[in-house]
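Below: the structure, in structure tokens.
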Amino acid sequence: MLPKDPAILLSVVNTKLRDDYADLEDLCAAEDADRAALEQALAAMGCHYDTAHRQFV
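Numbering (our numbering), first residue to last: 703 to 759.
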């Protein structure tokens, strides 16, 4: 389960993307996470998914 706090969520997601998953789609499938909701939560912090770097920036 992914954390709800946006700052912690950002850290956890980027760490998982770096260490465990090929891309955001893989992470969402494995973690049973709603991609749109995840992106919306992190967009509220001004972050977006950068496909070239496979992380939220």
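Ideal Cβ positions, reconstructed from N, Cα and C, are used throughout, including at glycine. Note that the structure is a prediction, hence the values are computed from the model and not measured.
Among residues of its own chain, excluding the 5 on either side of residue 756, which ones have a beta-carbon nearer than 7 Å to its beta-carbon? 719, 725
Cβ pair residue 705, residue 744 closer than 8 Å: no
Using the Cα positions of residue 721 and residue 711, report the straight-line distance between them to the nearest angstrom. 15 Å
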